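Counting along the sequence shown from 1, when you hit position 3 you're at 2 in numbering that gives the first Met the number 0, and nothing is skipped either side.
No residue lacks a Cβ here, since even glycine has one placed at the ideal position from N, Cα and C.
All values derive from a computational prediction rather than experimental measurement.
Working notes for the structure below.
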Amino acid sequence: MDEIDKKILNTMQKEFPVDQRPFAEMGKFVGMEEKEVIERVKKLKSDGYIRRIGPILERKKLKYVSALCGVHVVEDKLMDFVDEINKHSGVTHNYERAGDLNVWFTIAAKTSNDIEGFLSDMENKYTIKIYRFPEKKVFKIKTFFPV
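What follows is the structure, given as structure tokens:
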């Protein structure tokens with residue numbers, strides 16, 4: 000990753016252009032053509048620096064529900080489990096932590112039943128218990144990883 004890639008990543012995190020041609024606008028900022036920005040972004044994605052590009056919507060205004068989940072997954076099934084939960088479009092993020100519950104993730108869906116169905120399927124497939132933690136207070140944080 001060179002300095003231009005870093006500038007692209009920082010720009011995408013802080014001020015992704017809301018425009019019909021956002022990569023052309025980013026190109027103006029980093030000093031290159033739209034096509035080259037797109038190629039660099041594709042490479043950053045294929046190299047694993049970018050997981051997804053998309054908006055963050057207000058789930059409550061859309062009448063979606065969500066859950067914070069914690070689970071213990073044995074090491075030899077960890078990547079399979081994570082890959083599978085990442086396939087669900089409502090999983091916004093997940094991370095591994097030290098401790099008994101070594102995988103944490105959030106999931107959103109239209110209904111609680113949709114979430115419960117998915118979590119139950121995962122519990123049955125992996126013979127695990129996924130703990131659900133109710134929302135008590137919402138904290139909005141702006142995550143930025145300067146590169």
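Grab me the residues of residue i's own chain with a C-beta within less than 7 Å of its C-beta, minus the 5 sequence neighbours each way, in chain order.
i, result
"MET25", "ILE7, THR10, PRO16, VAL36"
"VAL146", "LYS5, LEU8, ASN9"
"PHE143", "GLN12, LYS13"
Using beta-carbon positions only, say whether residue i and residue j come within less than 8 Å of one another.
i, j, result
"THR126", "ALA66", "no"
"ILE3", "VAL29", "yes"
"ALA149", "GLU33", "The requested residue 149 is not part of the displayed model; the chain covers only 0 to 146."
"VAL72", "PHE80", "yes"
"LEU56", "ILE49", "no"
Grab the span of the beta strand (DSSP E) containing residue i for me, first residue to last.
i, result
"TYR63", "Unbroken run through TYR63: none, as it is neither H nor E."
Pull up the DSSP beta-bridge partners for residue i, would you.
i, result
"PHE132", "LEU67"
"HIS92", "THR105"
Going by beta carbon distance, what residues of the same chain come within less than 8 Å of residue i, once the five residues before and after it are set aside?
i, result
"ARG58", "VAL64, SER65, ALA107"
Considering only the alpha carbon of each residue, which of the options lies closest to residue i?
i, options, result
"ARG132", "ILE84, SER111, LEU61", "Here residue 132 is Phe; the residue named in the question, Arg, does not match the sequence. When only C-alpha atoms are compared, the closest one is SER111."
"LEU100", "HIS87, GLU74, LYS86", "GLU74"
"ILE52", "HIS92, LYS76, VAL137, VAL70", "HIS92"
"TRP103", "LYS109, VAL70, LYS128, SER119", "VAL70"
"TYR94", "CYS68, GLU134, GLY47, LYS136", "CYS68"
What residue range is occupied by the uninterrupted alpha helix (DSSP H) comprising residue i?
i, result
"GLN12", "2-14"
"LYS44", "33-45"
"LYS86", "Looking at the DSSP string, LYS86 is not in any alpha helix (DSSP H), and its letter there is neither H nor E."
"PHE28", "21-29"
"ILE114", "111-125"
Beta-carbon within less than 6 Å of residue i's beta-carbon, same chain only, minus the 5 sequence neighbours each way: which residues are those?
i, result
"ASN85", "none"
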